[in-house]
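Below is one structure, written out as C-alpha cells; comments come after it.
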Amino acid sequence: DIDEEDVMRFDHAGRTFAIYRSPDDEYFATDGLCTHEKVHLADGLVMDDIIECPKHNGRFNYKTGQAKGAPVCVNLRTYPVKVEAGKVMIDIG
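Position 35 of the sequence shown, counted from 1, bears residue number 44 in our numbering, the numbering being contiguous throughout.
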C-alpha cells in the first residue's frame, strides 16, 4: 500500500524502481536511483508531482521523469503503470 503523495521502493531482477501515488490517486513509476549519485529515491520527499532526492535535494517530476532542480540534470526513466485487481503493475520491458 502506498499513501497519497508517497513513494515506495521496488527491486526486481537486479534493478531498483520507485513507485509513486499522486494526490489524484494515480500511480507512476521511475528508476529508483537518483541520476546524480545513485541514491535511493524512495527515501526522498514527495511533494505534488515532485520527488526530492534525500542526499543533495535534486528534484524530478515523477510523472515525466524530467530533472527539475540542481544538482540533477539527467532525467529519470519512467515506466507505464496500470492497476489490476488492486495490484500495481509496472511495464519494465
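Glycine included, C-beta positions come from ideal geometry on N, C-alpha and C.
Remember, it's a predicted structure, so these values are computed and weren't measured experimentally.
Collapsed DSSP secondary structure at residue i in the structure displayed
| i | result |
| --- | --- |
| L2 | In the structure as shown, the chain starts at 10 and stops at 102, and residue 2 therefore has no counterpart that could be examined. |
| L85 | coil |
| T44 | coil |
| K64 | coil |
| I59 | strand |
Other residues of its chain near residue i: CB distance less than 7 Å, five sequence neighbours each side excluded
| i | result |
| --- | --- |
| L54 | E61 |
| K77 | I59, R68, F69 and N70 |
| L85 | T39, D40, T44, F69 and G74 |
Beta-bridge partners of residue i, as assigned by DSSP
| i | result |
| --- | --- |
| Y36 | R30 |
Candidates the options, of which the one nearest residue i by Cα
| i | options | result |
| --- | --- | --- |
| G102 | V90, K96, H65 and A94 | V90 |
| F26 | V48, D34 and D57 | V48 |
Run of the beta strand (DSSP E) containing residue i, from where it starts to where it stops
| i | result |
| --- | --- |
| D15 | D15 to H21 |
| K72 | Per DSSP, K72 belongs to no beta strand (DSSP E) and is neither H nor E. |
| I99 | K96 to I99 |
Same chain, Cβ closer than 6 Å to residue i, neighbours up to 5 away in sequence not counted
| i | result |
| --- | --- |
| F19 | F26 and I28 |
Same chain, Cβ closer than 8 Å to residue i, five either side skipped, listed in chain order
| i | result |
| --- | --- |
| P32 | E13, E14 and D57 |
| V83 | T44, H45 and A76 |
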